[in-house]
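Since the structure comes first, as structure tokens, the remarks are kept for the end.
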Amino acid sequence: MPRESDRRLIGKQLSNLIEMHILDEDSSSSSDSDLEMLDLLSTDAESGSSSGDSDRDPDLTDDSDSEGDDEIGDLAALMDVVEQSRYLTRSLRRKCLCSWRSR
1 MPRESDRRLI GKQLSNLIEM HILDEDSSSS SDSDLEMLDL LSTDAESGSS
51 SGDSDRDPDL TDDSDSEGDD EIGDLAALMD VVEQSRYLTR SLRRKCLCSW
101 RSR
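Just so we're aligned: 91 in full-length UniProt numbering is position 91 of the sequence shown, and the numbers increase by one with no gaps anywhere.
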């Protein structure tokens, strides 16, 4: 599971990518680069989970309770992603509404 700082960094990168896409008037020319960026971000998230596990004490990872802790951590990470997506959705709606009103 990615560390908290990794999740924040990924969230910031995603929000920057979305903002760049909104500001870009010709979205068709940048769609391939956007997809590549999203692939890189998802790869970073997956690699962050493996590096985060190496920082743990080996004695703690062998416990049967660690599986439950991982599930709680995964749920917390999922809740963070849901909250970030809600924020980004609200932000996108505001920007689209402002853009529509200015026309």
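Ideal Cβ placement from N, Cα and C applies to all residues, glycine included.
Remember, predicted model here, so these are calculated numbers, not experimental data.
Query, Result
"Where R3 sits in the DSSP three-state scheme", "coil"
"Secondary structure of R94, DSSP reduced to three states", "helix"
"Rounded Cβ spacing between R3 and D80 (contact assumed at less than 8 Å)", "12 Å between Cβ atoms; not a contact."
"Three-way DSSP call (helix, strand, coil) for S49 in this model", "Low confidence applies to S49: its pLDDT is 47, below 50, so where it sits in the model is not reliable enough to give any reading."
"For S15, the nearest candidate out of L88, S99, S102, R103 (CA to CA)", "L88"
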